[in-house]
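Here's the structure, in structure tokens; my notes come after.
Number of protein chains: 2
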Amino acid sequence: MAIPRTPASAFVARRNALAARLGSRPALLSAGLPRARNYPANRYPFRASSHFLYLVGQAYPGAALLFAGGEATLFLEPPASDDALWHGAQPSFAEIREALQLTAVKPLSDLDAILQALGGGSAVATLPTQDDPSTAWLSERLGRAIRPRSGHTLEAGSPDVALAEAMIAIRLHHDDAAIAQLRAVAEATAGAHVLGMRATHGARFEWEIAGAMIGALRRHGLDDSYSPIVTVHGEVLHNETHKNPIAAGDLLLADVGGETEEGWAADITRVWPVSGTFSTTQRELYDVVLNAQERAVSMVRKGMRYRTIHETAGRTIVEGLRDLGIFNGDVEGLYERGAAAIFFPHGIGHLLGLDVHDMEDLGDRAAYAPGRERSKRFGDCYLRLDLDLEPGMAVTIEPGFYNVPAILRDEAITGAVGKDLDRSVLERFADVRGIRIEDDVLCTEEEPEVLTRSAPKHPEQVEALVRSAAK
Amino acid sequence: MAIPRTPASAFVARRNALAARLGSRPALLSAGLPRARNYPANRYPFRASSHFLYLVGQAYPGAALLFAGGEATLFLEPPASDDALWHGAQPSFAEIREALQLTAVKPLSDLDAILQALGGGSAVATLPTQDDPSTAWLSERLGRAIRPRSGHTLEAGSPDVALAEAMIAIRLHHDDAAIAQLRAVAEATAGAHVLGMRATHGARFEWEIAGAMIGALRRHGLDDSYSPIVTVHGEVLHNETHKNPIAAGDLLLADVGGETEEGWAADITRVWPVSGTFSTTQRELYDVVLNAQERAVSMVRKGMRYRTIHETAGRTIVEGLRDLGIFNGDVEGLYERGAAAIFFPHGIGHLLGLDVHDMEDLGDRAAYAPGRERSKRFGDCYLRLDLDLEPGMAVTIEPGFYNVPAILRDEAITGAVGKDLDRSVLERFADVRGIRIEDDVLCTEEEPEVLTRSAPKHPEQVEALVRSAAK
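Line by line, the protein sequences give chains A and B.
Sequential numbering from 302 applies to the first sequence in the numbering used here.
Sequential numbering from 302 applies to the second sequence in the numbering used here.
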């Protein structure tokens with residue numbers, strides 16, 4: 302399956318939309334600088350900042366895009382004299398200008414004088430980039446302190462806030478080209494999960510399955526949109542080591558997502574039994590999570606407050622666990638006393654786009670509506686999104702069940718539920734450490750579009766795929 | 302194949318060797334800080350600095366190892382309160398101290414006071430780490446400017462130079478545990494190349510083969526020791542995009558190497574015909590490179606100057622091309638006029654260890670013997686190593702042939718050879734853009750040990766592997 306390329310016209314439309322919101326205020330968006338791995342010349346694969354990629358679609362290291370007087374000018378490092386040998390013939394600035402339909406492409410060495418002519422750096426809005434050196438570079442260009450890692454604490458009333466708000470307004474609602482990217486990467490990532498299920502039989506360590514899945518992404522030209530989680534210890538939420546041995550009785554949790562060359566992300570979690578057959582207890586809890594997940598997915602629609610989906614999923618899980626005898630009492634009372642977060646201690650999901658947590662570089666500014674703030678309550682405090690959904694927004698839906706010793710030992714979390722948590726019943730489910738089921742969902746004018754629908758999640762389908770390799 | 306773990310005793314021996322060379326001078330070695338990818342919380346997989354990994358074997362983000370008074374103390378960030386939930390139960394400092402056989406493990410917050418007690422940062426030697434933020438962190442701890450990316454320009458006579466020289470002296474000669482790592486990662490990487498050959502039939506884009514090879518590394522729990530090169534445009538030396546379509550008549554060049562969890566690197570290049578059969582012209586040039594490569598490999602022995610191997614490979618290539626009619630004249634005369642670099646414009650190889658270009662963070666200090674300097678001549682200027690080889694040193698041997706338009710157009714490079722380069726004969730070989738054959742070789746007391754010998758390079762073997770998938 303080929304990943305589509307976004308036509309230049311879509312980038313033009315995005316730049317025009319931003320320019321219209323900026324008015325006469327100039328703005329500078331930086332791609333960021335390459336980051337070294339073990340020594341300066343051995344670098345991580347360069348990932349440009351998402352704001353830059355959204356408007357340009359190409360990851361030019363060290364580049365910057367300037368909006369001024371209704372024109373978009375790209376500033377690039379000219380090729381070094383030996384680039385042709387080491388990196389191949391590079392397109393000329395004129396060719397790049399033409400391909401990307403920009404007003405102009407100029408050498409980075411011209412940038413400082415042009416910023417001066419615009420009234421200096423204090424007249425030019427910007428956004429902090431992904432790391433300290435890139436942000437320091439911006440500070441130097443603009444002659445004012447850009448605070449790194451502080452998008453959510455931009456000084457009120459500064460031009461940077463207006464730029465942030467403009468970017469958020471545009472990036473929240475995915476255009477057709479963005480949706481095409483999200484669909485393609487979701488589909489390819491779903492395929493990687495199928496291959497992971499098929500690679501499980503005979504594997505002895507997590508990394509064998511992780512390798513099959515990562516290889517499947519790379520075979521489509523996709524990078525990882527985040528560090529892949531492939532583990533039999535799903536109760537460790539961000540378990541990225543792939544080191545554990547796996548045993549026939551284990552559940553394997555894979556939270557793996559691809560990223561297109563233009564930067565668009567997928568984010569899928571699936572869980573499957575290593576043996577190819579869920580135990581009775583594994584199946585019971587899997588069904589609790591799947592039921593909550595499908596209900597939550599069906600709620601993704603225009604006007605729905607995302608927090609309501611989160612809360613409904615929590616209540617659905619509490620109800621399922623109550624029906625299994627893990628909780629006693631009425632669902633609402635249990636929920637109010639924090640029962641959901643004991644086993645589902647994170648948010649139901651997040652925005653998805655160019656960043657897997659889209660625009661998290663701007664803190665909660667993009668994902669929390671004005672006047673809404675993070676809850677202080679355990680579990681709910683990890684909810685990354687509290688908007689009323691609108692068509693064009695893409696979100697993940699990812700409830701889970703985790704048996705986390707540190708939580709179960711913590712009286713501050715479990716105390717209010719007390720004896721209504723039946724630990725002897727819970728012990729019967731000891732072969733479940735972590736389950737999470739996660740899809741990427743596009744809010745539309747009508748039914749939600751599940752972008753990741755070709756990743757099987759119904760237990761019989763999952764079992765059949767795992768078993769298919771054993772034959 | 303399982304990658305071995307280095308026993309704690311080997312790290313103790315390395316730390317003792319360093320402490321003995323340091324004498325009473327204290328030294329601080331930092332692991333470095335995690336680097337953000339697209340936003341601060343979405344990070345690249347953490348890779349600790351190689352000096353730190355050499356002595357500790359574990360990649361603790363932000364950690365530092367202090368040598369003082371004959372004792373080695375590890376300073377670590379204590380786990381955050383919610384680490385158990387997101388990253389799993391962490392070993393206690395006492396457990397880490399025991400497992401790594403360190404004198405002590407202490408929280409990072411204790412470090413500044415301890416440095417003060419040692420006489421302040423000017424009394425403590427250090428080495429710049431891999432990027433600016435990590436180096437800025439060091440500067441702050443030591444109260445003096447540590448210049449990033451400047452290992453090769455350390456101030457003469459400073460304590461940092463003595464530390465660099467001590468690390469180089471130890472790391473140049475691989476101990477048994479290091480050799481075990483290098484053997485294992487070479488073997489697994491060789492397997493990835495075999496899978497790449499087998500994945501070629503039916504592939505339409507470079508990324509399909511790259512994906513098979515990267516997946517094969519991950520299946521052994523290996524990371525990439527550098528950005529993989531998998532391309533039908535081998536004439537672009539660092540072609541890391543994997544974007545090109547591939548055609549039956551192409552040669553595919555794969556320069557791909559794994560890295561163990563402890564950080565040890567492999568670096569293998571193989572070239573194979575996409576169709577499964579070399580054309581006559583491809584085979585002729587392949588044999589020229591292979592002949593030079595095998596001759597160079599056989600020269601890796603105690604006391605041999607590495608530059609001599611480089612020059613011999615260059616002369617061998619010139620001779621082979623002369624025999625094919627691409628050059629006219631006597632080999633020595635052609636070589637003196639720069640004929641080798643027209644088609645083989647890089648060095649014959651480099652040191653290999655924890656870094657794929659081992660200790661390149663220290664510039665040429667590790668790899669060039671005192672009094673030896675980089676040549677100014679095109680081609681030779683890229684030679685990364687000029688030592689007399691000693692047992693325990695690992696190097697790559699990687700001659701090549703490239704048809705680079707930018708070089709062939711460049712009168713400054715080709716002028717001295719002039720008409721003795723027969724461009725009409727060269728045109729007959731137009732179906733060869735780039736060939737490189739690269740092995741990892743350990744210098745021993747006797748015969749060189751080719752660590753990567755299980756990656757086939759003889760043309761019939763390579764053809765058979767590519768064809769085997771077509772059946």
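Backbone N, C-alpha and C define an ideal beta-carbon position, used for all residues, glycine too.
Buried or exposed: where does residue 758/A fall if 16 or more other Cβ atoms within 10 Å of its Cβ makes it buried?
Along the first sequence, read from residue 1 onward, the residue named residue 758/A stands at position 457. Classification for residue 758/A: buried.
Just the C-alpha distance for residue 699/B and residue 486/B, rounded to the nearest angstrom, thanks.
What you label residue 699/B is simply residue 398 of the second sequence in a count that begins at 1. What you label residue 486/B is simply residue 185 of the second sequence in a count that begins at 1. Each residue's alpha carbon lies about 18 Å from the other.
Report, in whole angstroms, the separation of the C-beta atoms of residue 491/B and residue 755/B, which I expect to be a contact under 8 Å.
Here residue 491/B corresponds to residue number 190 of the second sequence, with the count starting at 1. Here residue 755/B corresponds to residue number 454 of the second sequence, with the count starting at 1. About 4 Å separates the two Cβ atoms, so the contact holds.
With a cut-off of 8 Å on the beta carbons, I'd call residue 694/B and residue 474/B a contact; round off their distance for me.
Numbered from its first residue, the second sequence carries residue 694/B at position 393. Numbered from its first residue, the second sequence carries residue 474/B at position 173. The C-beta distance from residue 694/B to residue 474/B rounds to 6 Å, short enough to meet the 8 Å contact threshold.
Is the CB of residue 645/A under 9 Å away from at least one CB in chain B?
Counting from one through the first sequence, the residue named residue 645/A turns up at place 344. Residue 645/A has a beta carbon lying at 9 Å or more from every beta carbon in chain B.
CA-CA distance, residue 451/B and residue 573/A?
Locating residue 451/B in the second sequence gives position 150, counting from the first residue. Locating residue 573/A in the first sequence gives position 272, counting from the first residue. With a pLDDT of only 49 at residue 451/B, under the threshold of 50, the placement of this residue in the model should not be trusted, and no figure is reported.
Expressed to the nearest angstrom, what Euclidean distance is found between the alpha-carbon atoms of residue 765/B and residue 497/B?
Mapped onto the second sequence, residue 765/B falls at position 464. Mapped onto the second sequence, residue 497/B falls at position 196. Linking residue 765/B to residue 497/B through their CA atoms gives a straight-line distance of about 13 Å.
Less than 9 Å between the C-beta atoms of residue 729/B and residue 582/B, yes or no?
As a first step, residue 729/B must be located in the second sequence, where it is residue number 428. As a first step, residue 582/B must be located in the second sequence, where it is residue number 281. With respect to the 9 Å criterion, residue 729/B and residue 582/B are classified as neighbours on the basis of their beta carbons.
Closer than 7 Å at the beta carbon, the chain B residues around residue 661/A
Here residue 661/A refers to the residue found at position 360 of the first sequence. The contact set of residue 661/A on chain B, defined by CB atoms closer than 7 Å, consists of 340, 342 in chain order.
Residues in the same chain with beta-carbon distance under 6 Å from residue 606/A, minus the five sequence neighbours each way, listed in chain order, please.
Within the first sequence, numbered from 1, the residue matching residue 606/A stands at position 305. The residues are 689.
Sorted by chain position, which residues of the same chain lie with C-beta nearer than 6 Å to residue 408/A's C-beta, five sequence neighbours on each side aside?
On the first sequence, position 107 is the one that residue 408/A refers to. Taken in chain order, the residues that qualify are 379.
When 725/B, 691/B, 770/B are compared against residue 747/B, the one with the closest alpha-carbon
Taking the first residue of the second sequence as position 1, residue 747/B is located at position 446. Checking every option, the nearest Cα to that of residue 747/B belongs to 691/B.
Quick one: is residue 708/B near chain A, going by C-beta distance under 9 Å?
By 1-based counting over the second sequence, the position of residue 708/B is 407. Cβ-Cβ to chain A under 9 Å: yes for residue 708/B.
Along chain B, which residues have their Cβ under 8 Å away from the Cβ of residue 431/A?
For this step, residue 431/A is matched to residue 130 along the first sequence. Ordered by position in chain B, the residues that pass the 8 Å Cβ test against residue 431/A are 337, 338, 339, 340, 341.
Run down chain B in chain order and give the residues with a C-beta less than 8 Å from the C-beta of residue 438/A.
Taking the first residue of the first sequence as 1, we reach residue 438/A at position 137. Correct list: empty, because the minimum Cβ distance to chain B is about 10 Å.
Beta carbon of residue 567/B, beta carbon of residue 531/B: below 9 Å?
For the purposes of this step, residue 567/B is taken as residue 266 along the second sequence, with counting starting at 1. For the purposes of this step, residue 531/B is taken as residue 230 along the second sequence, with counting starting at 1. Residue 567/B is not a Cβ neighbour of residue 531/B, given a cutoff of 9 Å.
My understanding is that residue 743/B touches residue 469/B, with C-beta atoms under 8 Å, so please give their C-beta distance in whole angstroms.
For the purposes of this step, residue 743/B is taken as residue 442 along the second sequence, with counting starting at 1. For the purposes of this step, residue 469/B is taken as residue 168 along the second sequence, with counting starting at 1. With 8 Å as the limit, residue 743/B and residue 469/B do not qualify as a contact, their Cβ atoms being about 18 Å apart.
Report yes or no: is there a C-beta of chain B within less than 9 Å of the C-beta of residue 401/A?
Counting from 1 along the first sequence, the entry for residue 401/A is found at position 100. It does not: the Cβ of residue 401/A has no partner Cβ on chain B nearer than 9 Å.
Residues near residue 423/B by beta carbon distance below 6 Å, same chain, minus five either side:
Looking up residue 423/B in the second sequence gives position 122. Its chain contains 445 as the residues whose beta carbon lies nearer than 6 Å to that of residue 423/B, once the 5 sequence neighbours on both sides are disregarded; these appear in chain order.
Could you name the residues of the same chain whose beta carbon sits closer than 8 Å to that of residue 545/A, not counting the 5 residues immediately before and after it, in chain order?
As a working mapping, residue 545/A is identified with position 244 in the first sequence. Around residue 545/A: 506, 507, 532, 533, 534.
Please say whether residue 368/A and residue 334/A have beta carbons closer to each other than 9 Å?
For the purposes of this step, residue 334/A is taken as residue 33 along the first sequence, with counting starting at 1. For the purposes of this step, residue 368/A is taken as residue 67 along the first sequence, with counting starting at 1. Using a Cβ distance threshold of 9 Å, residue 334/A and residue 368/A do not count as a contacting pair.
For the candidate residues 672/A, 504/A, 565/A, 321/A, whose alpha-carbon lies nearest to that of residue 372/A?
To locate residue 372/A, count along the first sequence from 1; it is residue 71. Of the listed residues, the one whose Cα sits closest to residue 372/A is 321/A.
Tell me the DSSP secondary structure of residue 561/B in three-state form.
Taking the first residue of the second sequence as position 1, residue 561/B is located at position 260. Here DSSP, grouped into helix, strand and coil, assigns residue 561/B to coil.
What is the DSSP secondary structure of residue 692/A, counted as helix, strand or coil?
On the first sequence, residue 692/A is found 391 positions in, with the first residue counted as 1. Look at residue 692/A here: in three-state DSSP terms it is coil, with no helix or strand label.
Closest Cβ-Cβ distance between residue 741/B and chain A: below 9 Å?
Looking up residue 741/B in the second sequence gives position 440. Cβ-Cβ to chain A under 9 Å: no for residue 741/B.
Note the first and the last residue of the continuous beta strand (DSSP E) segment covering residue 339/A.
As a first step, residue 339/A must be located in the first sequence, where it is residue number 38. Run containing residue 339/A: 337 to 340, per the beta strand (DSSP E) assignment.
Against chain A, does residue 364/B count as a neighbour if the rule is that its beta carbon must be under 9 Å from one of theirs?
Counting from one through the second sequence, the residue named residue 364/B turns up at place 63. Interface with chain A (9 Å Cβ-Cβ cutoff): residue 364/B is excluded.
Please tell me whether residue 723/A has its Cβ less than 9 Å away from any Cβ of chain B.
One-based indexing of the first sequence puts residue 723/A at position 422. At a cut-off of 9 Å between C-beta atoms, residue 723/A does not count as an interface residue with respect to chain B.
Per DSSP, the bridge partner or partners of residue 698/B
Numbered from 1 along the second sequence, position 397 holds the residue referred to as residue 698/B. 740/B.
Best match in 672/B, 362/B, 696/B, 708/B for proximity to residue 679/B [C-alpha to C-alpha]
The residue labelled residue 679/B in the question sits at position 378 within the second sequence. Nearest option by C-alpha distance: 708/B.
Within chain A, the residues that residue 515/B reaches when beta carbons sit closer than 8 Å
Working through the second sequence from its first residue, we reach residue 515/B at position 214. Those are 515, 516, 519, listed as they occur along chain A.
Between residue 702/B and chain A, is any beta-carbon pair separated by less than 9 Å?
Residue numbering aside, residue 702/B sits at position 401 when the second sequence is read from its first letter. So no, residue 702/B is outside the interface.
What is the residue span of the beta strand (DSSP E) that residue 312/A lies within?
One-based indexing of the first sequence puts residue 312/A at position 11. Where residue 312/A is concerned, there is no enclosing beta strand (DSSP E), although the alpha helix (DSSP H) around it starts and stops at 309 to 323.
Check distances from the C-beta atoms of the stretch 344 to 355 of chain A to those of chain B and list, in chain order, the residues that come in under 9 Å.
When C-beta distances to chain B are compared with 9 Å, the residues of the stretch 344 to 355 of chain A below that value are 344, 345, 346, 348, 349, 350, 351, 354, in chain order.
Return helix, strand or coil for residue 457/B, following the three-state DSSP convention.
By 1-based counting over the second sequence, the position of residue 457/B is 156. In the three-state reduction of the DSSP assignment, residue 457/B falls in the coil class.
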